[in-house]
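Engineer:
There are 6 protein chains.
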Amino acid sequence: MPYINIKITKEETPVTTEQKQQLIEGATTLLQEVLGKNPKTTVVVIDEIDMENYGLGGESIKERRKRGE
Amino acid sequence: MPYINIKITKEETPVTTEQKQQLIEGATTLLQEVLGKNPKTTVVVIDEIDMENYGLGGESIKERRKRGE
Amino acid sequence: MPYINIKITKEETPVTTEQKQQLIEGATTLLQEVLGKNPKTTVVVIDEIDMENYGLGGESIKERRKRGE
Amino acid sequence: MPYINIKITKEETPVTTEQKQQLIEGATTLLQEVLGKNPKTTVVVIDEIDMENYGLGGESIKERRKRGE
Amino acid sequence: MPYINIKITKEETPVTTEQKQQLIEGATTLLQEVLGKNPKTTVVVIDEIDMENYGLGGESIKERRKRGE
Amino acid sequence: MPYINIKITKEETPVTTEQKQQLIEGATTLLQEVLGKNPKTTVVVIDEIDMENYGLGGESIKERRKRGE
């Protein structure tokens, strides 16, 4: 019953349902392959964060994106 | 000053204000009864997660709900 | 498959195994009673935090305990 | 590469972009000044929580605000 | 700069350094492959939780392990 | 009643009690100055993570420190 939380920014191009499914599947498989964890009780939660609520290097990602970073 | 975070899925039928109040009250009372914690400084945060952002068994809850799970 | 995280301080008198079981049981029952969630997939994680790593009102709990708070 | 998560309530007056930038900058500078951490890899995430999803003293903040607290 | 938090139980056989490296690498690669995220700023944090602090189905994992679950 | 969680690595030189107090004070003051939050109900939790449990760029910090990073 591992718990995996993935926090990513909400970009101009939204994350698709298919990509979310790949993240859930990939994270669950990773815990199964590395630690033999049971997928049936592996929980994955994806948090999508507004770019102005996410900071790196003292700046919001919204600002960094304006410079193409 | 315990901190309690409750993550639940955002279902078709939204969680009501009354239910959220019951979760806050119930969690605060639990910490008071079991550990004698002071309700006045007990913090409860409820996160409601989109069903396609919440995975169990390698699948999103959105997919599982389609099968009535 | 709700996920509940409980953060509490590591006090002079440690939290007993029995109390942890009561917290796990109580939190799981709370989600079942209020929202009808399935206990089988309800995850509860208890984090015990050193008193000097836990702050309230700009002070560590370690300092506050010295004043009997 | 410290990770700082700030959870605040979504009040009637929303938090401005400028204030979020100040929180990101301030938290990053704090880790640099106190522990010499590299701002370039310091991550700050701000979560804005609905007032009825945030509880203190067994009540939602939404209820407390009605009493001017 | 995604942030990935993995919570697992501290089992009788501890997680090895090599396994932790595989979890960090695997989670970072997953975000790169699915969302094109830059590994250089991808943060992974692994929390190892005592079995009596981790609950599923209203019971601690410590209790479930006694029954071989 | 903001909640601030600071995750940092457990380095060779441990974080001192004084530094933890500075982090708690600094984070509390930051929320007071920027958003006018009440220090009395501001919670700060510092998590110190083993270097092999903390990854950046697909590698544990333990490995990066071996190269002086």
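Protein chains in written order, with UniProt numbering: chain B, 1 to 69; chain S, 1 to 69; chain H, 1 to 69; chain G, 1 to 69; chain Z, 1 to 69; chain Y, 1 to 69.
Using N, Cα and C, we set each Cβ at its ideal position, and we do this for glycine too.
(1) So what's asparagine 5/H in DSSP terms, helix, strand or just coil?
(2) Span of the beta strand (DSSP E) holding valine 44/S?
(3) Quick one: what does DSSP say residue 108/B is sitting in, helix, strand or coil?
(4) Hey, how far is the Cα of leucine 23/H from the Cα of valine 45/H?
(5) Mind checking which residues open and close the beta strand (DSSP E) that includes glycine 55/S?
(6) At what residues does the alpha helix (DSSP H) containing threonine 28/B begin and finish?
(7) Using the rule of at least 16 other Cβ atoms within 10 Å of the residue's Cβ for burial, across every protein chain shown, is threonine 13/G buried or exposed?
(8) Just verifying my parser: in three-state terms, what is the DSSP assignment at glutamate 59/Y?
(9) If you drop the 5 nearest sequence neighbours on each side, which residues of the same chain put their C-beta closer than 6 Å to that of threonine 9/G?
(10) For a contact defined as C-beta to C-beta under 7 Å, what are the partners of valine 43/S on chain Y?
(11) Do the region 62 to 69 of chain S and the region 26 to 44 of chain S make contact, defined as three or more Cβ pairs closer than 8 Å?
(12) I want to verify the contact list: residues of chain Y whose CB lies under 9 Å from the CB of glutamate 25/Z, in sequence order.
(13) Establish whether the CB of lysine 66/Z and some CB of chain B are separated by less than 9 Å.
(14) In whole angstroms, what separates the C-alpha of threonine 17/G from that of threonine 16/Z?
(15) If we cut at 9 Å on Cβ distances, does threonine 17/G have a partner in chain A?
(16) Is it the case that the Cβ atoms of threonine 41/B and glycine 58/S are separated by a distance below 9 Å?
(17) For asparagine 38/H versus isoleucine 4/S, is the C-beta distance shorter than 9 Å?
(18) What is the rounded straight-line gap between the Cα of glutamate 11/G and the Cα of lysine 20/B?
(19) Using DSSP bridges, identify the partner residues of threonine 10/G.
(20) Below 8 Å on C-beta distance, what does lysine 62/Z contact in chain Y?
(21) Consult DSSP for arginine 67/S and reduce its assignment to one of helix, strand or coil.
(22) What separation, rounded to the nearest whole angstrom, lies between the Cα atoms of lysine 7/Y and glutamate 63/Z?
(23) Given that glutamine 22/Z touches chain B, what residues does it touch there, using C-beta distances under 7 Å?
(24) Counting only the same chain and skipping the five closest in sequence on each side, list residues whose C-beta sits under 8 Å from that of valine 43/H.
(25) Could you name the residues of chain S that lysine 7/H contacts, counting a contact when the two beta carbons are closer than 7 Å?
(26) Return no unless some Cβ of chain S is closer than 9 Å to the Cβ of lysine 10/H.
(27) With a threshold of 9 Å between beta carbons, is isoleucine 49/B in contact with chain G?
Structural biologist: Considering the structure as presented:
(1) As a position in the third sequence, residue 5/H is number 5, starting the count at 1. Correct three-state label for asparagine 5/H: strand.
(2) Along the second sequence, one-based indexing puts residue 44/S at 44. Segment 43 to 50, the beta strand (DSSP E) holding valine 44/S.
(3) Missing from the structure shown is residue 108/B; chain B here goes from 1 to 69 and no further.
(4) Numbered from 1 along the third sequence, position 23 holds the residue referred to as residue 23/H. Numbered from 1 along the third sequence, position 45 holds the residue referred to as residue 45/H. Between leucine 23/H and valine 45/H, the C-alpha separation is close to 10 Å.
(5) On the second sequence, position 55 is the one that residue 55/S refers to. From DSSP, the beta strand (DSSP E) with glycine 55/S extends over 54 to 56.
(6) Walking along the first sequence from the start, residue 28/B turns up at place 28. Unbroken alpha helix (DSSP H) run through threonine 28/B: 17 to 35.
(7) For the purposes of this step, residue 13/G is taken as the residue at position 13 of the fourth sequence. Its Cβ having fewer than 16 others within 10 Å, threonine 13/G is exposed.
(8) Taking the sixth sequence and counting its residues from 1, the one referred to as residue 59/Y is at position 59. Strand at glutamate 59/Y.
(9) The sequence position of residue 9/G within the fourth sequence is 9, counting from 1. Within the same chain, threonine 9/G has close Cβ partners Ile49, Met51, Tyr54 and Ile61.
(10) If you number the second sequence from 1, residue 43/S lands on position 43. In chain order: Met1, Tyr3 and Val43.
(11) no
(12) Along the fifth sequence, one-based indexing puts residue 25/Z at 25. Within 9 Å Cβ-Cβ: Gly55, Gly58 and Glu59.
(13) Mapped onto the fifth sequence, residue 66/Z falls at position 66. It does not: the Cβ of lysine 66/Z has no partner Cβ on chain B nearer than 9 Å.
(14) Along the fourth sequence, one-based indexing puts residue 17/G at 17. Along the fifth sequence, one-based indexing puts residue 16/Z at 16. Cα-Cα distance, rounded: 43 Å.
(15) Note that chain A does not occur in the displayed structure, where the protein chains are B, S, H, G, Z and Y.
(16) Walking along the first sequence from the start, residue 41/B turns up at place 41. Walking along the second sequence from the start, residue 58/S turns up at place 58. No.
(17) Position 38 of the third sequence, counting from 1, holds the residue named residue 38/H. Position 4 of the second sequence, counting from 1, holds the residue named residue 4/S. Going by C-beta atoms, asparagine 38/H is not nearer than 9 Å to isoleucine 4/S.
(18) Along the fourth sequence, read from residue 1 onward, the residue named residue 11/G stands at position 11. Along the first sequence, read from residue 1 onward, the residue named residue 20/B stands at position 20. Going by the C-alpha atoms only, they are around 30 Å apart.
(19) Your numbering for residue 10/G matches position 10 in the fourth sequence. What sits at residue 10/G in the sequence shown is lysine, not threonine. DSSP, once it has assigned bridges, lists Asp50/G as partnering lysine 10/G.
(20) Locating residue 62/Z in the fifth sequence gives position 62, counting from the first residue. Simply none; closest approach about 21 Å.
(21) Taking the first residue of the second sequence as 1, we reach residue 67/S at position 67. Coil, per DSSP.
(22) Your numbering for residue 7/Y matches position 7 in the sixth sequence. Your numbering for residue 63/Z matches position 63 in the fifth sequence. Their Cα atoms are separated by approximately 30 Å.
(23) Locating residue 22/Z in the fifth sequence gives position 22, counting from the first residue. The contacting residues are Val34.
(24) As a first step, residue 43/H must be located in the third sequence, where it is residue number 43. Result list for valine 43/H: Met1, Pro2, Tyr3 and Ile4, in chain order.
(25) Position 7 of the third sequence, counted from the first residue, corresponds to residue 7/H. Neighbours of lysine 7/H on chain S, chain order: Pro2 and Tyr3.
(26) Position 10 of the third sequence holds residue 10/H. It does not; no Cβ of chain S falls within 9 Å.
(27) Here residue 49/B corresponds to residue number 49 of the first sequence, with the count starting at 1. At least one chain G Cβ lies under 9 Å of isoleucine 49/B.
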